[in-house]
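The opening position of the sequence shown corresponds to residue 7 in our numbering, with each subsequent residue numbered one higher.
Beta carbons are placed, not taken as given, at the ideal position from N, Cα and C, and that holds for glycine.
See structure below.
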Amino acid sequence: MPRDVPRLGGAVVLTPEAESIGLRLWAMLVGLWSVWLYGFVLIGLSFYATQMIPSFVENKIRVPIFRQTASEEQDNPEITILSAPEPFTGPVGFRQSIAIRSWLGLSPQIKVVLFSQDPSVALFAKLFGSRVLVDSTIDFTFLGTPFFHSMVERSRGLATDITVFINPETILLADFISTLNYANNMDEDWLLMAYLRNVSYFPFQLDDAGKHWFREDGKRMRLQELQEIIRYWPLNLCEDRMLIAWNSRNVPLHYGVLPPFLYGKGIHNHWIINEAVSSELRIVFDASWAISSFAANDLEYWSNRSANGSTVSGIVERSWEGVSNSHLGAFYGSLFFHEVNHTSLVKLFKCKGQYVFFGISEDAADPFEYQRIRLRSGIILQSWIKNKFMASLADIQLQNRVENCSLKDQLIFSPHLNFPFSLLSLLPKVADKNKTVILAVAGYSYKDMLMNWVCRLRRLLITNFLICALDHETYQFSILQGLSVFHDLSVPSNISYNDCHFGTKCFQRVTKTKSRMVLKILKMGYNVLLSDVDVYWFRNPLPLLYSFGPAFLVAQSDEYNLTGPINLPRRLNSGFYFAHSDGSTIAALEKVVTHAATSGLSEQPSFYDILCGENGVNRISDDRCMEPETNLTIHFLDRNLFPNGAYLDIWLKKNVKAACMEQGCFILHNNWINGRIKKLERQVLSGLWEYDSSKRMCQLN
Numbered sequence: 007m008p009r010d011v012p013r014l015g016g017a018v019v020l021t022p023e024a025e026s027i028g029l030r031l032w033a034m035l036v037g038l039w040s041v042w043l044y045g046f047v048l049i050g051l052s053f054y055a056t057q058m059i060p061s062f063v064e065n066k067i068r069v070p071i072f073r074q075t076a077s078e079e080q081d082n083p084e085i086t087i088l089s090a091p092e093p094f095t096g097p098v099g100f101r102q103s104i105a106i107r108s109w110l111g112l113s114p115q116i117k118v119v120l121f122s123q124d125p126s127v128a129l130f131a132k133l134f135g136s137r138v139l140v141d142s143t144i145d146f147t148f149l150g151t152p153f154f155h156s157m158v159e160r161s162r163g164l165a166t167d168i169t170v171f172i173n174p175e176t177i178l179l180a181d182f183i184s185t186l187n188y189a190n191n192m193d194e195d196w197l198l199m200a201y202l203r204n205v206s207y208f209p210f211q212l213d214d215a216g217k218h219w220f221r222e223d224g225k226r227m228r229l230q231e232l233q234e235i236i237r238y239w240p241l242n243l244c245e246d247r248m249l250i251a252w253n254s255r256n257v258p259l260h261y262g263v264l265p266p267f268l269y270g271k272g273i274h275n276h277w278i279i280n281e282a283v284s285s286e287l288r289i290v291f292d293a294s295w296a297i298s299s300f301a302a303n304d305l306e307y308w309s310n311r312s313a314n315g316s317t318v319s320g321i322v323e324r325s326w327e328g329v330s331n332s333h334l335g336a337f338y339g340s341l342f343f344h345e346v347n348h349t350s351l352v353k354l355f356k357c358k359g360q361y362v363f364f365g366i367s368e369d370a371a372d373p374f375e376y377q378r379i380r381l382r383s384g385i386i387l388q389s390w391i392k393n394k395f396m397a398s399l400a401d402i403q404l405q406n407r408v409e410n411c412s413l414k415d416q417l418i419f420s421p422h423l424n425f426p427f428s429l430l431s432l433l434p435k436v437a438d439k440n441k442t443v444i445l446a447v448a449g450y451s452y453k454d455m456l457m458n459w460v461c462r463l464r465r466l467l468i469t470n471f472l473i474c475a476l477d478h479e480t481y482q483f484s485i486l487q488g489l490s491v492f493h494d495l496s497v498p499s500n501i502s503y504n505d506c507h508f509g510t511k512c513f514q515r516v517t518k519t520k521s522r523m524v525l526k527i528l529k530m531g532y533n534v535l536l537s538d539v540d541v542y543w544f545r546n547p548l549p550l551l552y553s554f555g556p557a558f559l560v561a562q563s564d565e566y567n568l569t570g571p572i573n574l575p576r577r578l579n580s581g582f583y584f585a586h587s588d589g590s591t592i593a594a595l596e597k598v599v600t601h602a603a604t605s606g607l608s609e610q611p612s613f614y615d616i617l618c619g620e621n622g623v624n625r626i627s628d629d630r631c632m633e634p635e636t637n638l639t640i641h642f643l644d645r646n647l648f649p650n651g652a653y654l655d656i657w658l659k660k661n662v663k664a665a666c667m668e669q670g671c672f673i674l675h676n677n678w679i680n681g682r683i684k685k686l687e688r689q690v691l692s693g694l695w696e697y698d699s700s701k702r703m704c705q706l707n
């Protein structure tokens, strides 16, 4: 001990100089600790700021990480799922019912609209009350396939936050809702697409409420487990198995007009996605890796079998082995995280203007626990899986996703129909239960008038109509519109586009085709209601026409005088008449066709001169004639119910539709006017027009 340190009772007493040195050392130590502490704080702040970079990258997308509370779940967006199912019969019906129940079980905010004309679909929808509706008023082909462009047009009028189009056999899990909630919280307009999974083994059953899946031993599957199982299966890259969704705002999906695609045929989903990307009106996402969706072709078989002792982990391992690089997604880029319902993490990537969602189970990891690396673009990514994942994505393009999907089978209309369609093959498919068809004969110059006529019949839920195309252009046009159409090769080819109105040589050739077609169909055992395409139908006249029975030909009168007989010479209008397939009618029509073939006039004078006799010698009353050799009765229809274009000047009324409906019209003929353009203008301006030629579809209600 130094001599300058005195002792007092065994204690050490520091001199003032030593105490001063000690205080200086203590101050230096505190300063060093302060520097280290501030350094750690700065490092922490830097690390935190680094993690926040993605939240400010690209297009101002700012979606915070959050957990949904119970109150927030009540504010979930309203979702309307649209689909076009097959009839609910057999295995297909069973798979569709499982799929739709899986949709409804995800959220009370989900409603479903099914596009179909089949009665079994309507019966199925009734089981779910107002949550499942059936729409049979859009455009369908004569085989019952809905038009996709008409479905999309209908969706624009729905009161919903999000619209979803989906294959009717697609099963959805809860991450479907998580992903849509994520997208809906963005400030951008968006369109989302996702491919389904190819699931080859799924030994689980859905409960009656559509909310939970169970093993066959009765144990409930954890949602995270189930979603992980599905995500390991490869994507089904066929276009008809694609899910598309968008937020329903006033912003259109794309510029331009959607072509008349058939639902489930061709590449309508890819067309919309490509157009949406090129139009740049919305952000387009690929959510194939975030949404656990699949269609199980053998679901009915699986639902009655056990898992045979297979564990979930075993299924996952087998599934992972089937994943190839070619099945992985097409887009990659910047990373965001979004945590929903304590079940899944949804991530959003962006690169070169394209986006993809990617999801993992929350139980798998906390995303912030993974090492992150910075790419050349400055975007921060997770490295634990992205390195291998990105390597398989880099060279894959969306357009190549259909490489293993053939469109050949999608273009087959029916195993019982040959293309081009023949009259013989169409008649049994089109005719109603009374073996009656409604026949229209039209050339390309009248294609819009033809479609207006078709739209009106569709609006009246009349489907047993048949089109005879006068030229190849009309045939092609009608095929694209999904009409039951045939092209008779005996039809003259020299038909003028504009100059084929009443009184012309072209008109004479066309009208003679009509009677030949009617006779041909009658001989095949079918009744025929012939209607020109310029006849507007207010209601279905067939129940009234059936009341006249066999051996009657019922026709419209062309008489315009308000009083007097309506069957005066040459007042039978051959543009609207009903003929039974019986011996008397067939024999009489053969005489009409033979007479017209040698006449320099149209077929209309031949109808009257043969059936009612020249100058009306076969008239038996003011509205009937009797053909003496065949005993066929010809009845002229009440003009108040079946007015022609000159009767009562109906076409000159301020409100043509109201005037005709007030007097109980079944039809109104747009005749007694010369020229196609004038006829077209009169019908459009009168409001008796229901076809949108710009969209190639019938106007919706």
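- For a cut-off of 8 Å, the C-beta gap from Leu164 to Val290 is around 21 Å, too long to register as a contact.
- For Asp698, the pairing in a beta bridge is given by DSSP as Met703.
- As DSSP reads the structure, Ser537 sits in a beta bridge with Phe582.
- Within the segment 560 to 625, the alpha helix (DSSP H) runs of at least 4 residues that lie entirely inside it are, in chain order, 589 to 603 and 609 to 617.
- In terms of CA proximity to Tyr542, Asn676 leads the group Gln211, Asn82 and Asn676.
- Going by DSSP, Ser184 is part of the alpha helix (DSSP H) stretching over Asp181 to Asn190.
- Proximity of the segment 113 to 125 to the segment 227 to 236 falls short of the contact definition, fewer than three beta-carbon pairs being nearer than 8 Å.
- Judged by DSSP secondary structure, Glu479 falls within the alpha helix (DSSP H) whose first and last residues are His478 to Leu486.
- Boundaries of the beta strand (DSSP E) around Ala251: Met248 to Asn253.
- Between His276 and Phe267, the C-beta spacing is not below 8 Å.
- Nearest neighbour of Leu445 by Cα position, chosen from Leu525, Gln482 and His260, turns out to be Leu525.
- Rounded to whole angstroms, the gap between the alpha carbons of Pro611 and Arg630 is 16 Å.
- Excluding sequence positions up to five before and after Arg577, its CB lies within less than 6 Å of the CB of Ser563, Asp564 and Glu565, all in the same chain and listed in chain order.
- Inter-residue distance for Val127 and Val599 is about 45 Å (C-alpha atoms, whole angstroms).
- Per DSSP, Arg101 is one residue of the alpha helix (DSSP H) stretching across Gly96 to Leu110.
- In this structure, the straight-line span from the alpha carbon of Gln487 to that of Leu149 is close to 12 Å.
- Pairwise C-beta distances place the segment 93 to 103 out of contact with the segment 181 to 190, as fewer than three of them are shorter than 8 Å.
- Assigned with DSSP and collapsed to three states, Pro91 falls in coil, not helix or strand.
- Contact annotation: Asn546 and Ile468 have beta-carbon atoms nearer than 8 Å.
- Ile116 is not a Cβ neighbour of Met199, given a cutoff of 8 Å.
- Relative to the Cα of Pro556, the nearest Cα in the group Ser587, Ser108, Ala301 and Phe130 belongs to Ser587.
- When Asn256, Phe558, Asp454 and Asp494 are compared, the shortest CA-CA separation from Tyr697 is found for Asp454.
- According to the DSSP assignment, His493 belongs to the beta strand (DSSP E) that extends over Val491 to His493.
- With 16 or more other Cβ atoms inside 10 Å of its own Cβ, Gln233 counts as buried.
- It is roughly 13 Å from the alpha-carbon of Val205 to the alpha-carbon of Leu178.
- Boundaries of the beta strand (DSSP E) around Cys631: Arg630 to Glu633.
- Counting of Cβ neighbours within 10 angstroms places Glu687 among the exposed residues, the total staying below 16.
- The three-state reading of DSSP puts Trp295 in strand, counting E and B together.
- The shortest CA-to-CA distance from Ala105 to any of Phe146, Asp213 and Asp141 is the one to Asp213.
- For Leu243, the closest of Asp292, Asp438, Phe210 and Ile85 by C-alpha to C-alpha distance is Asp292.
- The residue among Leu129, Ile144, Leu694 and Phe130 with its C-alpha nearest the C-alpha of Cys704 is Ile144.
- In the DSSP assignment, Trp219 falls within the beta strand (DSSP E) that extends over Trp219 to Arg221.
- The beta-carbon separation of Leu202 and Ile85, rounded to 18 Å, does not stay under the 8 Å limit for a contact.
- Boundaries of the alpha helix (DSSP H) around Lys685: Arg682 to Leu691.
- Out of Leu129, Val534, Phe153 and Ile87, the CA that lies nearest to the CA of Glu175 is found in Ile87.
- One Cα belongs to Lys132, the other to Ser700, and the distance between them is close to 36 Å.
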